[in-house]
Amino acid sequence: MAHLPSRRLLPLNALKAFEAAGRHLNFTAAAEELSVTLSAISHQIRQLEELLGVPLFHRTRKGLVLSTEGQLILPDVQEGFDHLASALSKLEARRGEGTLTVSMLSTFAMRWFIPRLPRFQEQYPDIEVRITTSLKPADLEREGIDCAIRHGDGVWPGLSCTRLFSESLVPVAHPKFAEAIKKPADLKDQKLLHSQNRRDDWRIWLNSVGETRIDVNVGQMFETRSYAIQAAVQGMGIAVMDPELVAEEVAAGRLVKLFDKTLPLTNAYWFVCLEHMADAPRIKAMRDWLVQDVSAKSGETAAQ
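Read in order, the letters of the sequence shown correspond to residues 60 to 363 in the numbering used here.
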């Protein structure tokens, strides 16, 4: 291996190109991620290979693969960039400046978080909130995300987790269905509305009331729960939802809860952040405000 540069002369752009190409195993994808040209990626990696005196990639019939040397150094290069990002985010968070990026499911964002956001912004006008949504849990450190609201059991290694509220399920529908549906068995003749990422919700609720004769595999499937809720508002069928996600529609009379049976589930919604970022002012402000807001709403519900 060639003589290596000192820390002061490390070719960071070339290392960034190598890390992105090694992760994607595709120069074009790396170029798109880094907003540079394909030729720039190729040039930077060639520069790094010349500096190190070893090949980092090989081209095969199946595509791009890392060389033995490339496989050896990629994890350490990735870890190095992770440490750099973490160091800078700590400084930014301590200064209390910049954008607070929050990740969550799209339906949760639309139906729970965004309706509350104006009240948070009124109290904290200097914190700019950016929402990013994904069906998969975000990698906070790698993706540069400050915090997230996750659905699950609250056990995620390396994360500080604060419970917001437990999940539950209840059937909801347009008010026109209220007279026709008096007991769970009456759902047999109705169209059930489903969402792709929550296919078992109807089965779980029906089993909880001892109703096993209804085929939960029929009905209309939607990509997200938000679409299924809108379909229910339009009178297209019956949805089973967490009451928190349809609170606005129920309060306005656009939807009604068909039964008193609200089924508590074991999973909950949690506010999460990296452990070492838990006391960062912006993150702490968001976490404390959400916990206080949930607590206040729970108190109002109990008083009614």
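Every residue gets a Cβ at the ideal spot worked out from N, C-alpha and C, and that includes glycine. Fair warning: this is a prediction, and the values are worked out from it, not measured in the lab.
Worksheet item: When the Cα of A244 is compared with those of G217, W264, R258, V331, which residue comes out closest?
Response: W264
Item to complete: Please go through the same chain and pick out, in chain order, the residues whose beta-carbon is closer than 7 Å to the beta-carbon of A362, but skip the five residues on each side of it.
Response: Note that A362 scores 41 on pLDDT, short of 50, meaning its location in the model is unreliable; the coordinates nonetheless yield the value given after this. Here the set comprises nothing.
Worksheet item: Below 8 Å between beta carbons: does that hold for A89 and A76?
Response: yes
Worksheet item: Counting pairs of Cβ atoms below 8 Å between the stretch 249-265 and the stretch 348-355, do you hit three or more?
Response: no
Fill in: Classification of P134 by the beta-carbon crowding that lies within 10 angstroms, buried from 16 upward
exposed
Worksheet entry | Check whether Q249 and G296 have beta carbons under 8 Å apart | yes
Worksheet entry | Backbone CA spacing between V315 and D301 [nearest angstrom] | 13 Å
Worksheet item: Who are the near neighbours of E109 in its chain, counting only those whose CB is closer than 6 Å to its CB and skipping five residues on each side?
Response: none
Discussion item. By DSSP's criteria, T328 is part of a beta bridge. Which residues make up the other side?
Written reply: Sequence inspection shows Tyr at residue 328; the Thr mentioned does not correspond to that position. H210, F224.
Worksheet item: For the candidate residues D212, S162, T325, A80, whose alpha-carbon lies nearest to that of E122?
Response: In the sequence as displayed, the identity of residue 122 is Gly instead of Glu. Taking only the C-alpha atoms, the option nearest G122 is A80.
Item to complete: To the nearest angstrom, report how far apart G269 and T283 are at their CA atoms.
Response: 27 Å
Practice prompt. Might you give, ordered along the chain, the residues of its own chain that have their beta carbon closer than 8 Å to the beta carbon of N85, omitting 5 neighbours on each side?
Written response: G122, L123
Discussion item. Taking only three categories from DSSP, how would you classify G155?
Written reply: The predicted model places G155 with a pLDDT of 49, which falls under 50 and marks its position as unreliable, so this point remains unresolved.
Discussion item. What does DSSP give as the partner residue(s) for S219 in the beta ladder?
Written reply: C332
Worksheet item: By DSSP, does H117 sit in helix, in strand, or in coil?
Response: strand
Discussion item. Starting from A89, trace the alpha helix (DSSP H) in both directions and tell me its first and last residue.
Written reply: 86-93
Fill in: Cβ pair V299, L194 closer than 8 Å
no
Discussion item. Assess contact between the stretch 159-169 and the stretch 192-212, defined as three or more Cβ pairs (one per stretch) separated by less than 8 Å. Is contact present?
Written reply: yes
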